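Going by UniProt numbering, the sequence shown opens with residue 1, and the numbers climb by one from there.
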Amino acid sequence: MGLAFATHHRQSAAMRIALFEPEIAGNVGAVMRTGACLGVEIHLIEPLGFQWEDKRVRRAAMDYIDHVRVIRHPSFAFFREAAGPGRLVLFTTKSSASIYDFTFAPSDILLFGKESAGVPAEISDIADARVRIPMRPEVRSMNLATSASIAVAEALRQTGGLP
Numbered sequence: 001m002g003l004a005f006a007t008h009h010r011q012s013a014a015m016r017i018a019l020f021e022p023e024i025a026g027n028v029g030a031v032m033r034t035g036a037c038l039g040v041e042i043h044l045i046e047p048l049g050f051q052w053e054d055k056r057v058r059r060a061a062m063d064y065i066d067h068v069r070v071i072r073h074p075s076f077a078f079f080r081e082a083a084g085p086g087r088l089v090l091f092t093t094k095s096s097a098s099i100y101d102f103t104f105a106p107s108d109i110l111l112f113g114k115e116s117a118g119v120p121a122e123i124s125d126i127a128d129a130r131v132r133i134p135m136r137p138e139v140r141s142m143n144l145a146t147s148a149s150i151a152v153a154e155a156l157r158q159t160g161g162l163p
C-alpha cells in the first residue's frame with residue numbers, strides 16, 4: 001500500500017480527502033479507490049474503527065491501492081500539524097450551504113466525519129467552511145464513500161484538477 005505515517009509538513013498543497021475516525025473498512029477502501037482514480041491523497045485520522053490489516057480495506061480498494069498515497073495520523077492534532085496549508089472544508093448534514101454554491105480552492109482539505117457521528121463540535125468549530133451535499137429531506141445521509149466521491153469530483157471540477 002502507498003501508506004505513510006506523517007512525520008513532517010507537506011511541501012506543497014494539493015487537494016486532499018481526510019477521514020476523521022472512519023469506522024467501516026469497506027468505506028475507507030472505496031475512498032482509497034476514488035483517490036487513486038482522481039489523484040488525491042487520503043488522510044486517515046485515527047483511531048480507526050477496524051484493524052488496518054482488515055481484508056475489507058483491500059477488497060474495496062482492489063488493485064488501485066497501489067496507486068494512492070494514504071497517510072495515517074494518530075490524532076486530529078497530528079493531522080493538523082502534518083497536513084500543511086489549505087482550508088479545512090467539513091462536509092456535514094448540519095450545514096445549509098450546498099457544495100454547488102461553494103467555491104473550492106486547489107489546496108482544500110475535504111474533511112468527512114465518522115459514519116456514526118460525524119465530527120465533534122470542537123472540530124466543526126475550527127473548520128474554515130461547512131458544506132453539505134444536497135439530498136431529499138426524508139433521508140438522513142449518504143454513505144461516506146459516496147459522499148467523498150461526489151465532493152472530490154465537484155471540487156476538482158471547479159478547480160480544473162480532474163485528470
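Glycine is no exception: its CB is placed at the ideal position from the N, C-alpha and C atoms.
Given the structure is predicted, the values throughout are model-derived calculations rather than measurements.
>> Which of the three DSSP states is assigned to E81 in this structure?
In response: E81 falls in the helix class under three-state DSSP.
> For K55, does the three-state DSSP call read helix, strand or coil?
Replying inline: In the structure shown, K55 sits in a helix (DSSP, three-state: H, G or I).
> Taking all protein chains shown into account, do 16 or more other C-beta atoms lie within 10 angstroms of the C-beta of V139, making it buried, or fewer, making it exposed?
Replying inline: By the 10 Å Cβ count, V139 comes out exposed.
>> Using the Cβ count rule (16 or more neighbours within 10 Å means buried), how would you classify G35?
In response: Label assigned to G35: buried.
> Just how far apart, CA to CA, sit Y64 and M32?
Replying inline: If I take the Cα positions, the gap works out to 8 Å.
> With contact counted as at least three CB pairs below 8 Å, one residue from each stretch, are the stretch 120-140 and the stretch 65-73 in contact?
Replying inline: No, they do not touch.
> From L90 to E122, what does the alpha carbon distance come to, in whole angstroms?
Replying inline: If you draw a straight line from the Cα of L90 to the Cα of E122, it is about 12 Å long.
>> Between the alpha carbons of V28 and F112, how many angstroms are there, rounded?
In response: Here the C-alpha atom of V28 lies approximately 11 Å from the C-alpha atom of F112.
> Taking buried to mean at least 16 other C-beta atoms within 10 Å of its own C-beta, is S98 buried or exposed?
Replying inline: Classification of S98: exposed, given that the 10 Å Cβ count is below 16.
> Do you know offhand how far L88's Cα is from M15's?
Replying inline: Near 10 Å, if we compare the C-alpha coordinates of M15 and L88.
> So A13 and P85 are in contact, right, with Cβ under 8 Å, and what is the actual spacing, rounded?
Replying inline: Sure, about 4 Å apart at Cβ, within 8 Å.
>> So, at 8 Å on beta carbons, what are the nonlocal neighbours of R132 in its own chain, with the 5 sequence-adjacent residues on each side left out?
In response: Closer than 8 Å at Cβ, skipping near neighbours: F91, T92, T93, K94, S95, S96, A97, S98, I99.
>> I'd like to check one pair, E21 with I42: are the Cβ atoms closer than 8 Å?
In response: No. Outside cutoff.
>> Out of R136, C37, P106, N143, which one is the CA nearest neighbour of A25?
In response: Relative to the Cα of A25, the nearest Cα in the group R136, C37, P106, N143 belongs to N143.
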